[in-house]
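Residue numbers (the working numbering), protein chains in the order written: chain A, 108 to 449; chain B, 108 to 449.
The beta-carbon is built from N, C-alpha and C at its ideal position, and this holds for glycine as well.
Keep in mind that this is a model prediction, so the values were computed, not measured.
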DNA sequence: AAATACCTTGAAATCGGTTGCATACTTCTA
DNA sequence: TAGAAGTATGCAACCGATTTCAAGGTATTT
């Protein structure tokens, strides 16, 4: 193993102390310009590479941010991560990413790994089964900022970046009602997750405000994956009378339903109007194009990261810490799948 | 700032030396069971957290793997990353992820950051404009394994994990010919990238083997994004005679073309047969379903990561280093978009 | 009982950068 | 020109875990 070049080698080379070399390399103002240049030059010549372990050890700072998502393999999450990466890199932070696979156990284990990796901050979108945030306690105790996005815990005293899910589905429901739908079925995921619980509220409120009665039979909770369409359509077709509106909590599932409906000869939007969620690529590619709710995923990544990093820079993090929720703008996008000609 | 608990505190607590504590905590066999338990218990009681900086500094090992992808925000990449994450986590490695945004400059900068972060190994899928691998030299010099996947450099002396792009497109082309296509247009991305260069070969070989003459006019290089369809179809419809087969190097673009064709009243597969690439979700959701080439993305992530980690564990890494290319199985999936009834 | 082998533990040096405090050297002011 | 104020540099003590070498202790063998 070749020997590493250290600041001591540089110091010896230029005839100065390691202290000065360290200062010069980290742009400390109290070093003469001539000296700094001499040191920088020597560093380059010798092929010096700073040892972040030593630096982190001394500074007690890793310069990296941890991110825990339920699943990497999703259009939404990868857009969020793209936004996070951009922002983190700009600010000089590394991104350590892991996925909880929707499992609380794995989330706990990931959290612990992140903690031991001494990330300077943590960004989390909860796993579906996570019903408490005990496992983040080590972070809270050490005052390491934890920020949630999209899926945030219930009684949180951490900042969360979200959209207004209630409003989004309220609008979508109202839209379907305006299109003449009388029996609207809402398909969503695990109701332990705030995202879906909030949407359910929006659905109920909208019904109420428009003089409809909420019927629990019109709620379907389901995996919202690629194969969910068959299962959902199966249920729907057995309802009597059959629903004429479908509000599905993600576009993949909505597209899947669309296919299953077509296969059964049920036409969209005439027999059933459909609204999806997320404004994924797929919503623009299926036929008819899916009405959906625009979710600012990339932007959410940027905002969450920027906010976390501000917490780090700011001395008064406790103050920011106790702030609230950042709500991003989302919005209903109306396309053919829910548009009935008058 | 509360004081950190160190192995010295534990040592003092149980009346042993830091050496023994260190050994006990890292499961060194030469510690009596009784002693080990006493130490483990004390560690838990005191709330000890190992300091990886100190550990990494001493061991010269970060226990993390760097990954550089062109874009995080892609169905293919996120599947690859999911596979990598799973494998890395299982093996006890962290994942540091960054994106080059298809820019050589950013790839260089990311590489340098990864190097300074002292990742134990690096996984890279090249940016489109990357035409040399000079910037990885620091890794080569320090004998830190670098492994490429999907997009690998030309004259590489690193292991690469790929699929047989030539064969894949050969098969797709042969399939279209068998379906009666006479004028097949091939749409692909930047030909500097091995992936597309290889596919072009496959296309040419297949034409040749079936008695067709290759015509450069039938090659379209294009961004393969969501909006590419309009542009591509525009070009196609101006060709005389119009092509009757379309081979598009990713499903997003293929789906986009499909939509644009429909809008023009050109029917698929009757007027033009289409084959996409990747077997993305979208290929199964558009109408008609897209024929495509299955790309084992998740699996590629697993294999690439597993291989890299093996390099790390193995003492004889130079030997492995000089091995070759790992080719994963891909395969043509025939669906309606290219299936002409006899 | 003495010699040998094995098991368990410890002292001290190391990994390399940072920083509080001290000192030497300039420059400016009265 | 003495003294004050400011600037540039250095000393040495960290930050904590790991590891080499050595030593003390126990068990086994002859």
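Check	Outcome
Length of the line joining the Cα atoms of residue 423(B) and residue 417(B)	For residue 423(B), the predicted structure reports a pLDDT of 47, less than 50, and the residue's modelled location is therefore unreliable. A value from the coordinates is still provided. Those two C-alpha atoms are separated by around 10 angstroms.
Residue 308(B) beta carbon less than 8 angstroms from that of residue 321(B)	no
N-terminal and C-terminal residue of the alpha helix (DSSP H) that residue 183(A) is part of	182-197
Cβ of residue 423(B) within 8 angstroms of any chain A Cβ	Confidence is the limiting factor: at residue 423(B) the pLDDT is only 47, short of 50, which leaves the residue's position unreliable and the question unanswerable from this model.
8 angstroms contact criterion, which residue 206(B) and residue 233(B) should meet: CB distance rounded	The Cβ separation is near 12 angstroms, so there is no contact.
Residue 128(A) beta carbon less than 8 angstroms from that of residue 146(A)	yes
Distance CB(residue 229(B))-CB(residue 246(B)) smaller than 8 angstroms	yes
Whole-angstrom distance between residue 327(B) and residue 219(A), CA atom to CA atom	50 angstroms
The segment 208-221 of chain A: positions lying closer than 9 angstroms to chain B by Cβ	208, 213, 216, 217, 220 and 221
Listed by chain order, chain B residues near residue 202(A) by CB distance under 8 angstroms	203, 204 and 205
Residue range of the unbroken alpha helix (DSSP H) whose run includes residue 164(A)	159-166
Boundaries of the alpha helix (DSSP H) in which residue 246(A) is found, first to last residue	244-248
For residue 224(A), the nearest candidate out of 384(A), 408(A), 302(A) and 164(A) (CA to CA)	164(A)
Residue 401(B) (DSSP reduced to helix, strand or coil)	strand
Check whether residue 202(A) and residue 172(A) have beta carbons under 8 angstroms apart	yes
Length of the line joining the Cα atoms of residue 244(B) and residue 413(B)	23 angstroms
Rounded separation between residue 152(B) and residue 403(B) - CA only	47 angstroms
Contacts around residue 360(B), its chain only, beta-carbon distance under 6 angstroms, and the 5 residues preceding and following it disregarded	331 and 335
Cα-Cα separation, residue 272(B) to residue 303(B)	8 angstroms
Between the CA atoms of residue 160(B) and residue 180(A) - distance to the nearest angstrom	31 angstroms
Inter-residue spacing [alpha-carbon to alpha-carbon] between residue 116(B) and residue 156(B)	12 angstroms
Near-chain A residues of the segment 353-364 of chain B - C-beta to any C-beta below 9 angstroms	359, 362 and 363
Beta bridge counterpart(s) of residue 363(B) as assigned by DSSP	Beta-bridge pairing links residue 363(B) to no other residue.
8 angstroms Cβ shell around residue 344(B) - same chain, five flanking residues per side excluded	371 and 373
Cα-Cα separation, residue 297(A) to residue 443(A)	28 angstroms
Cα-Cα separation, residue 108(B) to residue 301(A)	With a pLDDT of 43 at residue 108(B), under the threshold of 50, the modelled position of this residue cannot be trusted; read the value that follows with caution. C-alpha separation (whole angstroms): 35 angstroms.
Contact list for the segment 380-394 of chain A against chain B, Cβ threshold 8 angstroms	388, 389, 391, 392, 393 and 394
Buried or exposed (CB count within 10 angstroms, at least 16 for buried), residue 351(B)	buried
Chain-ordered neighbours of residue 366(A) on chain B, where CB pairs are closer than 7 angstroms	392
Cβ separation of residue 445(A) and residue 367(A), assumed to be a contact under 8 angstroms, to the nearest whole Å	Incorrect: roughly 17 angstroms between the Cβ atoms, too far for contact.
Cβ of residue 181(A) within 8 angstroms of any chain B Cβ	yes
Residue 217(A) burial status per 10 Å Cβ neighbour count (16 or more: buried)	buried
Alpha-carbon to alpha-carbon, residue 377(A) and residue 284(A)	14 angstroms
Cutoff 8 angstroms: residue 223(A) Cβ touching any chain B Cβ	yes
Residues of the segment 328-351 of chain A whose Cβ lies closer than 9 angstroms to any Cβ of chain B, in chain order	333
Whole-Å CB distance - residue 339(B) paired with residue 362(B), under 8 angstroms assumed	In fact, because the Cβ distance is near 12 angstroms, the residues do not count as touching under 8 angstroms.
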